[in-house]
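Undergrad: Residue numbers (this note's numbering): 641 to 961.
By construction, the Cβ of each residue, glycine as well, lies at the ideal position given by its N, Cα and C atoms.
Below you'll find the structure I mean.
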């Protein structure tokens, strides 16, 4: 569990919350290379836009979520009738269901811990870990589903304006790329990139096209990416905010990809008493609870491998088959 895209005046208008945001659903389209010069954009402008979005978007939930997972380029499962809930700073919940099998996956996080429940054939695994233990770097998990990463893809992450950033225009991709050298919560040196569309086409594209995390020791080696395929602009607090409506989460090294279509959204909804219910680790009867801080997860050579003799190690069957 290592754990979400203008030139000239149009670009500037985007960062100041102007009329382009009044369009509703916007989709990413293939980039058209820019032949002429691109306007210069500073890292402060781009970071300010990200933080302004995060400052407005305190919570977002989706009542209609469809998730499709693929491994090695092959589709391995689809979850319908699913829901996603998130609230700053670290509250997250994804409940995935299958029409016949019921709840298949429950991924969540709060300010203390995170958890993942999967209902594969033959075993019910319920993984959990405190954020403090995760930050020590001793926790191993085959799919780096970090809930902090998902919060970033949703546009709810705050960026330190005092960090060192670099902006590079990319004419071929019609984009501005924001680079940040940082470390993961486990101390791994990484380069985070945020790709902004250089031409929003009057609001017909997401402002942010993609987030990618690279291993700083090998910048050609992406660890994870979140592509914003489609987004929706919503008037809020006298301004406008963009929320994703389709996201592709990709972990190239694990050859694992998840496409999520997000609908029936609620922005800055007062969850009231539901907040405690949604963002506290649930009790799931009949499951095999595994504290990731205490046990080593062993990725099997086959999806139905047998557990090794060491009772502190577990082989992990597929979450989706």
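1) I believe residue 855 touches residue 863 by the beta-carbon criterion, under 8 Å. Please report the beta-carbon distance rounded to the nearest angstrom.
2) Look at residue 795 and residue 693 and say whether their C-beta atoms are less than 9 Å apart.
3) Which whole-angstrom value describes the C-beta separation of residue 746 and residue 735, a residue pair presumed to lie in contact below a C-beta threshold of 8 Å?
4) Is the region 903-917 touching the region 696-705 in the sense that three or more CB pairs, one from each, lie closer than 8 Å?
5) Evaluate residue 823 with the Cβ neighbour count: other Cβ atoms within 10 Å of its Cβ, from every protein chain shown; 16 or more gives buried, anything less gives exposed.
6) In or out: residue 813 buried (at least 16 other Cβ within 10 Å) or exposed?
7) Note down the Cα distance separating residue 811 from residue 678, rounded to an integer number of angstroms.
8) Which partner residues of residue 901 appear in the DSSP bridge assignment?
9) If you check the beta carbons only, do residue 729 and residue 798 fall under 9 Å apart?
10) Using 9 Å as the threshold, is the C-beta distance between residue 932 and residue 733 below it?
11) Going by DSSP, which residues form a beta bridge with residue 879?
12) So is residue 829 in contact with chain C if we call contact Cβ pairs under 9 Å?
13) Can you tell me where the alpha helix (DSSP H) holding residue 597 begins and where it ends?
14) Exposed or buried, residue 803, counting other C-beta atoms within 10 Å across all chains shown (16 or more means buried)?
15) With respect to the alpha helix (DSSP H) encompassing residue 962, which residues constitute its N-terminal and C-terminal limits?
16) Which residue comes first and which comes last in the beta strand (DSSP E) that contains residue 836?
17) Hey, would you say residue 705 sits closer than 9 Å to residue 726, going by beta carbons?
18) Could you tell me if residue 702 is buried or exposed, where buried requires 16 or more neighbouring beta carbons within 10 angstroms of its beta carbon?
19) Exposed or buried, what is residue 749 when buried is set at 16 or more other beta-carbons lying within 10 Å of its beta-carbon?
20) Cα separation between residue 921 and residue 759?
21) Which class does residue 918 belong to by DSSP, given the choice of helix, strand or coil?
22) Assign residue 861 to buried or exposed, taking buried as 16 or more other Cβ atoms, counted over all protein chains shown, within 10 Å of its Cβ.
23) Give the DSSP-derived three-state secondary structure of residue 933 in the structure shown.
24) So is residue 707 buried or exposed if we call it buried at 16+ other beta carbons inside 10 Å?
25) Using only CA atoms, which one of 831, 839 and 787 lies nearest to residue 809?
26) Ends of the beta strand (DSSP E) at residue 855?
27) Label residue 792 either buried or exposed according to how many other C-beta atoms from any shown protein chain fall within 10 Å of its C-beta, with 16 as the threshold for buried.
28) Can you check whether the CB of residue 816 is closer than 9 Å to the CB of residue 830?
29) Roughly how many angstroms separate the alpha carbons of residue 939 and residue 896, rounded to a whole number?
TA: With the structure as the only source:
1) That pair is a contact at about 6 Å.
2) Cβ atoms of residue 795 and residue 693: closer than 9 Å.
3) Rounded to whole angstroms, the Cβ separation of residue 746 and residue 735 is 5 Å, and the two are in contact under 8 Å.
4) Yes, the region 696-705 is in contact with the region 903-917.
5) Using a 10 angstroms sphere on the CB of residue 823, the tally of other CB atoms stays under 16, which defines it as exposed.
6) Burial call: buried.
7) Distance between residue 811 and residue 678, taken at the CA atoms: about 7 Å.
8) Partner residues in the beta bridge of residue 901, as assigned by DSSP, are 706 and 886.
9) Between residue 729 and residue 798, the C-beta spacing is below 9 Å.
10) Not closer than 9 Å, so no.
11) Residue 879 has 876 as its beta-bridge partners, per DSSP.
12) In the displayed structure, chain C is absent; only one protein chain is listed.
13) In this structure the chain extends from 641 to 961, so residue 597 is not present and cannot be described.
14) That one is exposed.
15) Residue 962 lies beyond the residue range present for the chain, which begins at 641 and ends at 961; the question has no answer from this structure.
16) Residues 829-837.
17) No, these two residues do not count as a Cβ contact at 9 Å.
18) Buried.
19) Buried, because 16 or more other Cβ atoms sit within 10 Å of the Cβ of residue 749.
20) Rounded to whole angstroms, residue 921 to residue 759 spans 16 Å at the Cα level.
21) In the three-state scheme derived from DSSP, where H, G and I count as helix and E and B as strand, residue 918 is classed as helix.
22) By the 10 Å Cβ count, residue 861 comes out exposed.
23) In this structure, residue 933 counts as coil in the three-state DSSP scheme.
24) Its Cβ being crowded by 16 or more others within 10 Å, residue 707 is buried.
25) Put simply, of 831, 839 and 787 the residue whose alpha carbon is nearest the alpha carbon of residue 809 is 839.
26) Secondary structure note for residue 855: its beta strand (DSSP E) is the uninterrupted segment 848-855.
27) Per the 10 Å Cβ criterion, buried.
28) The answer is no: Cβ separation not under 9 Å.
29) A caution first: residue 939 carries a pLDDT of 49, below 50, which makes its placement in the model too unreliable to give a value.
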